[in-house]
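Heads up: the sequence shown begins at 9 in my numbering, then just goes up one per residue.
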Amino acid sequence: MFTGRPTPAPGEPLFTKEDTAGALALAEEERDTCPSCGYLKVWCRDPANQFGAFDVDEEFCWATYRLADYRKSKDYGESQAASVQLAVRFREGREPDIEAGLDLVSQDGQPDGESDDGK
Ligand SMILES: [Zn+2]
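Have a look at this one:
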């Protein structure tokens with residue numbers, strides 16, 4: 009859905025050509041991307057890729073496991089089960105280091121906070 013700029017100044021368009029081009033590009037990418045596997049549909053639905061083209065990487069998400077376990081423990085009716093919104097968070101005292109595992113790189117390709125020109 010196109011909602012436009014929140015507060016265009018008088019005389020400014022609600023959508024610029026760049027806004028429209030970006031929104032259309034996103035819509036095309038979403039249209040062309042498989043919602044199940046995340047690859048382009050032209051690849052994942054190509055019969056030439058039926059055998060041997062894809063491999064599986066398996067990882068385990070403990071947060072999802074906790075959510076599924078919690079949901080299973082509740083005696084939700086069918087409508088409730090389809091409607092209840094759950095979210096997972098770290099328990100107090102178990103929060104991770106917020107920057108752990110993140111290799112933050114700024115747009116100039118340098119580690120965040122550094123730059124090529126010394127600024
Ligand atoms: Zn797919």
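Glycine included, each C-beta is placed from N, C-alpha and C at the ideal position.
Assumed close pair residue i, residue j - CB separation to whole angstroms, cut-off 8 Å
i   : j   : result
G12 : L22 : 4 Å
R74 : V92 : Actually they are not in contact, since the Cβ atoms of R74 and V92 sit about 15 Å apart, beyond 8 Å.
Y78 : L94 : 7 Å
Local conformation of residue i per DSSP, three classes
i   : result
T24 : coil
T11 : coil
L48 : strand
L94 : coil
Alpha carbon of residue i to alpha carbon of residue j, nearest angstrom
i    : j    : result
D70  : A76  : For clarity, residue 70 is Trp in the given sequence; the question names Asp instead. The straight-line gap from Cα to Cα measures roughly 10 Å.
D125 : A108 : Confidence at D125 is low in this model, with a pLDDT of 49, below 50, so the placement of that residue is unreliable and no value is reported for it.
A33  : K25  : 12 Å
Q88  : K82  : 10 Å
Closer than 6 Å: residue i CB and nearest ligand 3 heavy atom
i   : result
S81 : For the structure depicted, ligand 3 is absent and the ligand set comprises only ligand 1.
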